[in-house]
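Chains as they are written, first to last, in the working numbering: chain A, 28 to 298; chain B, 29 to 417.
Since the structure comes first, as structure tokens, the remarks are kept for the end.
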Amino acid sequence: MTDTLPATRSDSDVGATPAPTGSSRRIARLDRETTLMLIVPPVLVLLVFAGYVLWRQTADLDGTELRQLRWSTVITLIWEHVRLTFVSSALVVAIAVPLGVLLTRGRFRRLSPLVVGVANIGQAAPSLGLIVLLAIWLGFGFWTAVLALTLYGLLPVLRNTITGLQGVDPTLVEAGRGIGMSSAAVLFRVELPLAVPVIMAGVRTALVLVVGTATLATFINGGGLGDILQTGISLFRFSLMIAGAVLVALLALLIEWLGRVLELLTRPKGL
Amino acid sequence: MSTTPERTGSADTSISGAEIVLDNVVKRYPGQKTTAVDSLSLTIPAGEIVMFVGPSGCGKTTSLKMINRLIEPTSGTIRIDGEDVLTQSENDLRRRIGYVIQGGSLFPHMSVAKNIAIVPKLLGWDSSRITKRTDELLELVGLDPSRYRDRYPRELSGGQQQRVGVARGLAADPPVVLMDEPFGAVDPITRQRLQDELLSIQRELHKTIVCVTHDIDEAIKLGDRILILQDGAQIAQYDTPEVILGAPAGEFVEDFVGSGSALKQLSLTRISEIALRTPTTATVGERTDDVRRRAESNGDMAVIVLDGRGRPCGWPWLRQLTGEKLVEPTEELINLDHRATLNDALDTMLSSSHGAAVVTGDRDQYLGVVDFRSVTEHIRMLEEQAARD
Ligand SMILES: Nc1ncnc2c1ncn2[C@@H]1O[C@H](COP(=O)(O)OP(=O)(O)O)[C@@H](O)[C@H]1O
Ligand SMILES: [Mg+2]
Numbered sequence: 028m029t030d031t032l033p034a035t036r037s038d039s040d041v042g043a044t045p046a047p048t049g050s051s052r053r054i055a056r057l058d059r060e061t062t063l064m065l066i067v068p069p070v071l072v073l074l075v076f077a078g079y080v081l082w083r084q085t086a087d088l089d090g091t092e093l094r095q096l097r098w099s100t101v102i103t104l105i106w107e108h109v110r111l112t113f114v115s116s117a118l119v120v121a122i123a124v125p126l127g128v129l130l131t132r133g134r135f136r137r138l139s140p141l142v143v144g145v146a147n148i149g150q151a152a153p154s155l156g157l158i159v160l161l162a163i164w165l166g167f168g169f170w171t172a173v174l175a176l177t178l179y180g181l182l183p184v185l186r187n188t189i190t191g192l193q194g195v196d197p198t199l200v201e202a203g204r205g206i207g208m209s210s211a212a213v214l215f216r217v218e219l220p221l222a223v224p225v226i227m228a229g230v231r232t233a234l235v236l237v238v239g240t241a242t243l244a245t246f247i248n249g250g251g252l253g254d255i256l257q258t259g260i261s262l263f264r265f266s267l268m269i270a271g272a273v274l275v276a277l278l279a280l281l282i283e284w285l286g287r288v289l290e291l292l293t294r295p296k297g298l
Numbered sequence: 029m030s031t032t033p034e035r036t037g038s039a040d041t042s043i044s045g046a047e048i049v050l051d052n053v054v055k056r057y058p059g060q061k062t063t064a065v066d067s068l069s070l071t072i073p074a075g076e077i078v079m080f081v082g083p084s085g086c087g088k089t090t091s092l093k094m095i096n097r098l099i100e101p102t103s104g105t106i107r108i109d110g111e112d113v114l115t116q117s118e119n120d121l122r123r124r125i126g127y128v129i130q131g132g133s134l135f136p137h138m139s140v141a142k143n144i145a146i147v148p149k150l151l152g153w154d155s156s157r158i159t160k161r162t163d164e165l166l167e168l169v170g171l172d173p174s175r176y177r178d179r180y181p182r183e184l185s186g187g188q189q190q191r192v193g194v195a196r197g198l199a200a201d202p203p204v205v206l207m208d209e210p211f212g213a214v215d216p217i218t219r220q221r222l223q224d225e226l227l228s229i230q231r232e233l234h235k236t237i238v239c240v241t242h243d244i245d246e247a248i249k250l251g252d253r254i255l256i257l258q259d260g261a262q263i264a265q266y267d268t269p270e271v272i273l274g275a276p277a278g279e280f281v282e283d284f285v286g287s288g289s290a291l292k293q294l295s296l297t298r299i300s301e302i303a304l305r306t307p308t309t310a311t312v313g314e315r316t317d318d319v320r321r322r323a324e325s326n327g328d329m330a331v332i333v334l335d336g337r338g339r340p341c342g343w344p345w346l347r348q349l350t351g352e353k354l355v356e357p358t359e360e361l362i363n364l365d366h367r368a369t370l371n372d373a374l375d376t377m378l379s380s381s382h383g384a385a386v387v388t389g390d391r392d393q394y395l396g397v398v399d400f401r402s403v404t405e406h407i408r409m410l411e412e413q414a415a416r417d
């Protein structure tokens, strides 16, 4: 510990850890589990998808099946599904994060159990019921599906935003105020950055919820991979049911993986 | 109760601090039966370190935080440099008051440099001035800028974090610095060094420093004045450490300061005030045989090894000297700054196998050695003095 500093300057703290350089720290933090979770899902998805392609090119399919599993159709459905997922998730973040911030400020703090309770109901309600009710009320189509999915994904992000902000060490907030930062500066430069890991964990949960539930959008003409499943079920075609289920599962795995990558990328350095 | 001690010392033109005056300041927390601060009146002279001490819960922190309005007083006025703090915007006020708290309270997601630069940035300094200032402050608190400016707080030890906390408090060169138990979270040896460094920084800067502690020894060591508080921030005594030790105002102060007044006096004496022993020294690179011969002729069993720049770096026993030339020892040598107190010296000596400690001066230059004999001689002198009085 005295290598470059004169002895009297050196720190003799009991339990002081020798400080490695920043970059080695960051690499070291990507432990085995994290690395595995980053590599395994995309590899798995690729392998299964290759299997699907092989099956699709070689299987003996009838006209209905061929029509439903045409590549152009499948790609359109995947695109619709992804769009439903991302638009809803973006809306979730745009609503839940500011709401969460508001519910941890001064006089609104008392409302937070109430709002979390309402969001809880939104999630506990049967998703199909929620979607159909909204469709009866607002009409069929993409935006109604988006609205339903947004309500459905709100809770994890809202709850994690509140938890994350409440988890910020209050002495840091006071230190910020004490050296002359405004309360807005403390929020944006101290509280939110420190809460980002918890908020992003909520975002990942929301992404997974939404990508799965988006399968139901097909019932109100919202599009998505649910179409294949629905056709399979109504016409009793096992091949369609399995193909739809496999494609949805692959997409969900990929989105969950994306959530993990986002979590890593947004994590502030130094934590 | 109002206490306004007269200003001591000669008029120092380099004082950059500002006078703080508390006038009948009261703080009553809602829903609390007792009053946390019950009419505190106090003048804190510009350029001095005033220590607030007292039992836990007596209102030290509350009194301190009312100065930068982290807590709003229920009634009373606080003026800094004649200006009522309540008439200023809180953010502007706080940017002109340094604030240092236990453990440093650094923002973990910001590098050391970013932590220090917060207030200068808020004040709109340009980036080259901020960079220069950050490096200057890191030097001031004894951290090599090139090595530490880009580190994150978690990569620092507790003492280093606390140093950065002090640097952050001084960033915009505020006339007043408030500290709340700043060295409460570090081990005793690091605490002692941080205290010494604060004293040497203060000798340079002459800020008005208000520092809360529960440790009377720390108060005696650091304070130009000590404010001893009782429950409800009632002033038990407000005076210089010498007077408080010599003439405690009543039973509460006596109990609080504790027994062994001669021992407490050790916290008042700096090592620089007593005679040091000068055992054999040697410089890295010298021939081991020469060194051994010299030490033996002086009757020493160990030598103090200095590096090329006159800084002590080891204190090996003669039997530990091997090889042809003297090399820099690997064991860490715990030095004492000559501004440390005799109390600190005792602490360091007790953990040394030599029963003594190496003393260094400015820029860590070797000065000599302090041992138990020199300290006991000093105690005897104090006792004789007390007997004569
Ligand atoms: N935010 C608060 N709300 C209510 N009471 C408080 C608050 N902060 C401190 N107190 C009370 O005020 C008294 C003084 O506290 P404090 O100034 O923190 O004491 P000290 O720093 O001397 O230990 C204590 O009795 C404490 O319980
Ligand atoms: Mg306190």
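Even for Gly, the Cβ is constructed at its ideal location relative to N, Cα and C.
On a predicted model such as this, the values are computed, not experimentally measured, just so you know.
- Taking 8 Å as the threshold, the shortest C-beta distance from Thr198 of chain A to chain B falls below it.
- Counting the other CB atoms within 10 Å of its CB gives Tyr179 of chain A a total of 16 or more, which places it among the buried residues.
- Here Leu346 of chain B is near Arg320 of chain B, since their CB atoms are less than 8 Å apart.
- A residue is called buried once 16 or more other Cβ atoms fall within 10 Å of its Cβ, and Asp196 of chain A, having fewer, is exposed.
- Only those residues of the region 86-99 of chain B whose C-beta falls short of 7 Å from the nearest C-beta of chain A are listed: Asn96, Leu98.
- Counting only the Cα atoms, Val331 of chain B lies some 9 Å from Arg322 of chain B.
- Closest in alpha carbon position to Gly144 of chain A, among A:Leu130, A:Arg134, A:Ala212, A:Ser154, is A:Leu130.
- Straight through space, the alpha carbons of Gly168 of chain A and Leu71 of chain A are spaced by roughly 33 Å.
- Distances between the C-beta of Thr102 of chain B and the heavy atoms of ligand 1 are all 7 Å or more.
- Chain-ordered listing is empty here: chain A has no CB closer than 9 Å to the CB of Asn371 of chain B, the nearest sitting near 17 Å.
- Ala264 of chain B and Ile254 of chain B do not touch by the CB rule: their CB atoms are close to 10 Å apart, not below 8 Å.
- In this structure, DSSP gives Ile48 of chain B an extended state, which the three-state scheme calls strand.
- A straight line joining the alpha-carbon of Gly132 of chain B with that of Gly193 of chain B spans about 4 Å.
- Not one heavy atom of ligand 1 lies closer than 7 Å to the C-beta of Lys61 of chain B.
- Of the other Cβ atoms in all chains shown, 16 or more fall within 10 Å of the Cβ of Glu209 of chain B; this residue is therefore buried.
- Taking 8 Å as the threshold, the shortest C-beta distance from Ile206 of chain A to chain B falls below it.
- The distance from the Cβ of Val225 of chain A to that of Thr190 of chain A is about 6 Å, consistent with a contact at the 8 Å cut-off.
- Beyond the five residues adjoining it in sequence on each side, Val54 of chain B comes within less than 7 Å, by CB distance, of Thr63, Val65, Asp66, Ser67, Pro101, Thr102, Ser103, Gly104 in the same chain, given in chain order.
- Its chain contains Pro340, Cys341, Gly342, Trp343, Val386 as the residues whose beta carbon lies nearer than 7 Å to that of Leu361 of chain B, once the 5 sequence neighbours on both sides are disregarded; these appear in chain order.
- Three or more beta-carbon pairs separated by less than 8 Å are not found between the region 150-159 of chain B and the region 178-196 of chain B, which leaves the two stretches without contact.
- With fewer than 16 other CB atoms across the displayed protein chains lying within 10 angstroms of its CB, Val288 of chain A is exposed.
- Counting the other Cβ atoms within 10 Å of the Cβ of Asp120 of chain B gives fewer than 16, which makes it exposed.
- Val147 of chain B has its alpha-carbon roughly 14 Å from the corresponding atom of Ser210 of chain A.
- Only residues of its own chain outside the window of five on either side were considered, and among them Leu129 have a CB closer than 8 Å to the CB of Phe135 of chain A, listed in chain order.
- In the structure shown, the three-state DSSP call for Asn326 of chain B is helix.
- For Ser133 of chain B, the Cβ stays outside the 7 Å cut-off from all heavy atoms of ligand 1.
- When the Cα atoms are used, Leu118 of chain A and Thr177 of chain A turn out to be separated by approximately 6 Å.
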